[in-house]
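Structure first, commentary second.
In the numbering used here, the protein residues as written are 1044 to 1366.
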């Protein structure tokens, strides 16, 4: 049976798992001005005369930041102090329905319940969630708690942490990725893209240098950034009316050069022995189209324009502009 009454702030305690992301400064100010809207849920007193907080840890920590402002706290008290496993389960039931709780906090409560004798099946029934949900939230618990806590405190992605830890790559490079995760430069969206890369059947055959390049290429392309939107719009504008958008010319040149250099980096001379005559014709046709589009780059100036003749067998030297 529960009753609501005032409990001295100093008689309250956090027993199992504290909150990781408190952000309690603003909350403390709000509590001072608006008061406590809902009572904390507690059990006790225990053998030490303390009341164990089941729900309301963040508000409790916030009130501690304002000494003298909160002498007593309104609490809903259950005099029966349950087992650690049951307390963890009760806290987990609330946690599963709160988006503010981090994956790491949920993991700590799941571990507490399981370590104190509860099975996943029993836990599933008590929190009214399928075992698949427990397994999903437990994913990554094999990673040392130190790293999971650091990521949680940095408000980083636990999913990205799991991906980084299972990456088959140079250890020093993995540490670089971990630091980027702590700086929130890598997130859940990035981890989804990386998972597709590392699941590829050919990924294990790459050397460390190649793996690093593949990972960086993936990270640079998996998010749609403002620069990507700008490039799409810029190219569309310049394609039809370049004269009206001359302020984009420098960006356009950089974009074209970057793409051509990227394509050049994909070509190994030994491909000559492996490409069929038909495939060579396709490549040749594509190059011819590109050259014709850029003929003004190579041509000799004649009056107000450029004049140049293109032939299939021309060599690059034929296009060098005479100075």
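For glycine and all other residues, C-beta sits at the position ideal for the given N, C-alpha and C. In this text the structure is predicted, and so the values were computed from the model without any measurement.
From the DSSP output, in three-state form, read off residue i for me.
i	result
residue 991	Any answer about residue 991 is impossible in this case: the structure gives the chain only from 1044 up to 1366.
residue 1117	strand
residue 1132	helix
residue 1175	helix
residue 1258	helix
residue 1048	strand
residue 1098	strand
residue 1138	helix
residue 1361	Note on residue 1361: pLDDT 42, under 50, position unreliable in the model; no value is reported.
residue 1159	coil
residue 1170	helix
residue 1109	coil
residue 1187	coil
residue 1198	coil
residue 1147	helix
residue 1154	helix
residue 1180	helix
Indicate whether residue i and residue j have their beta-carbon atoms separated by less than 8 Å.
i	j	result
residue 1179	residue 1159	no
residue 1095	residue 1056	yes
residue 1314	residue 1294	no
residue 1060	residue 1155	yes
residue 1280	residue 1269	no
residue 1037	residue 1063	With the chain covering 1044 to 1366 only, the question about residue 1037 has no answer from this structure.
residue 1217	residue 1197	no
residue 1152	residue 1138	yes
residue 1224	residue 1207	yes
What number of angstroms, rounded off, separates the C-alpha of residue i from the C-alpha of residue j?
i	j	result
residue 1231	residue 1194	12 Å
residue 1184	residue 1103	28 Å
residue 1051	residue 1093	10 Å
residue 1357	residue 1334	Bear in mind that a pLDDT of 46 at residue 1357, under 50, signals an unreliable position, so the number given afterwards is only what the model happens to contain. Near 11 Å, if we compare the C-alpha coordinates of residue 1334 and residue 1357.
residue 1085	residue 1201	30 Å
residue 1312	residue 1300	21 Å
residue 1235	residue 1124	43 Å
residue 1189	residue 1288	53 Å
residue 1321	residue 1250	32 Å
residue 1212	residue 1199	21 Å
residue 1073	residue 1080	10 Å
residue 1220	residue 1229	8 Å
residue 1341	residue 1303	16 Å
residue 1054	residue 1240	53 Å
residue 1135	residue 1264	37 Å
residue 1049	residue 1117	4 Å
residue 1097	residue 1243	45 Å
residue 1121	residue 1089	11 Å
query: Can you give, in chain order, each stretch of the alpha helix (DSSP H) that sits fully within the stretch 1055-1095 and has at least 4 residues?
result: 1067-1077
- prompt: Considering only residues of the stretch 1300-1348, which uninterrupted alpha helix (DSSP H) runs meet the minimum length of 4 residues and lie entirely inside it, listed in chain order?
  reply: 1320-1336 and 1338-1341
task: Note down, one range per segment and in chain order, each beta strand (DSSP E) of at least 3 residues found wholly within the stretch 1200-1255.
output: The beta strand (DSSP E) runs of length 3 or more contained entirely in the stretch 1200-1255 do not exist; there are none.
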